[in-house]
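Be aware that the sequence shown starts at 147, since it is given in the working numbering, and climbs by one per residue.
Report on one structure; see the data block that follows.
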Amino acid sequence: METIEVTRSGGVVTITLNRPQVKNALNGQMWIELRDTLTAIRDSDDDRAVVITGANGEFCSGADLSGRADGPPPRHALANMRIVNDVALLLHRLPQPVVAKVDGVAVGAGCNLALGCDLIVASDRARFSQIFVRRGLSVDFGGTWLLPRLVGLHRAKQLALLGDILSAAEAQALGLVNAVVPVAELDAFVDGWATRLAGGPPIAMAQTKKMLNESLFHSMHDALEAEAAAQTVNFGTADTGEAIAAFLQKRTPSFKGR
147 METIEVTRSG GVVTITLNRP QVKNALNGQM WIELRDTLTA IRDSDDDRAV
197 VITGANGEFC SGADLSGRAD GPPPRHALAN MRIVNDVALL LHRLPQPVVA
247 KVDGVAVGAG CNLALGCDLI VASDRARFSQ IFVRRGLSVD FGGTWLLPRL
297 VGLHRAKQLA LLGDILSAAE AQALGLVNAV VPVAELDAFV DGWATRLAGG
347 PPIAMAQTKK MLNESLFHSM HDALEAEAAA QTVNFGTADT GEAIAAFLQK
397 RTPSFKGR
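Put into structure tokens, the structure is as follows:
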């Protein structure tokens with residue numbers, strides 16, 4: 147990998163955006179590497195949870211608009227956007243839970259990369275912005291879908307049309323961020339959550355994530371039918387039997403994803 151670093155430990159995959167000279171801005175090569183990495187994680191039985199972060203105290207300054215020549219040969223803008231969209235959909239559909247560990251800036255596509263994760267933990271010096279409008283651009287990387295669902299339509303329009311920069315505390319107050327911690331505690335806090343997620347029952351958690359993502363499109367009846375189908379699957383897994391046995395034996399369950 148040229149633009150990201152991928153490490154694995156105890157079932158947790160950490161993806162680090164690694165272009166610190168431009169605050170980890172997303173260029174063509176990084177989009178391709180993210181797409182390929184998320185595809186590999188999706189198809190892995192060993193990868194149980196994912197953390198996405200950035201190098202050198204910055205999360206991501208958005209798409210690289212500098213016109214640099216590095217990366218693959220230029221494509222038509224629509225072809226480039228299809229790769230961007232592939233990454234957004236892979237992240238959304240990934241069966242594993244994903245935590246965004248945000249320090250420094252998360253703006254533009256970098257902001258929506260964080261919002262596309264299942265959980266967001268930010269340092270107290272993190273900053274968020276739908277900065278597209280300041281660059282003469284409309285919102286992309288799923289922001290028009292994510293924002294109204296997270297903060298409501300009018301607040302989403304405020305964030306997208308004004309492009310204001312939010313502090314971590316302001317983002318948390320709006321419901322964009324799950325937790326804000328001092329920067330010195332960020333790594334340990336995220337490690338704790340990631341370890342807990344990696345130790346959970348993969349099949350049950352993947353179904354829960356999918357149902358929650360689809361909930362706004364379903365009636366109560368549809369949601370109940372989906373829950374019934376998911377529980378039927380769960381009761382056919384060894385993991386649910388292990389959880390029940392562990393409960394009765396007063397021990398911690400060991401989930402295998404089968």
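We put the CB at the ideal spot given by N, CA and C, even for glycine.
Under DSSP, Gly200 forms a beta bridge with Leu163. Exposure of Thr153 is indicated by the presence of fewer than 16 other C-beta atoms within 10 angstroms of its C-beta. Comparing alpha-carbon positions, the option among Asn324, Thr386, Met357 lying closest to Val248 turns out to be Asn324. Judged by DSSP secondary structure, Lys402 falls outside any beta strand (DSSP E); it is assigned neither H nor E. Non-local C-beta neighbours of Asp189 in its own chain, meaning closer than 6 Å and more than five positions away in sequence, are absent. In the three-state reduction of the DSSP assignment, Ser361 falls in the helix class, which pools H, G and I.
Between Gly200 and Leu236, the beta carbon gap of about 19 Å keeps them out of contact (Cβ cut-off 8 Å).
Cα atoms of Val245 and Ala268: separation of roughly 10 Å, rounded to the nearest angstrom. With contacts defined by Cβ atoms closer than 7 Å, Trp177 and Val253 do not form a contacting pair. Around the Cβ of Gln395, a 10 Å sphere holds fewer than 16 other Cβ atoms; the residue is exposed. Distance from the CA of Ala255 to the CA of Thr386, rounded to the nearest whole angstrom, comes to 38 Å. For Arg281, no alpha helix (DSSP H) run applies, since DSSP gives it neither H nor E. Secondary structure at Glu148: coil, using DSSP grouped into helix, strand and coil.
The Cβ neighbour count for Glu373, taken over all protein chains shown within 10 Å, is under 16; the residue is labelled exposed. With respect to Ile277, Gly321 sits apart: the two C-beta atoms are not nearer than 7 Å.
One Cα belongs to Gln304, the other to Gly250, and the distance between them is close to 22 Å.
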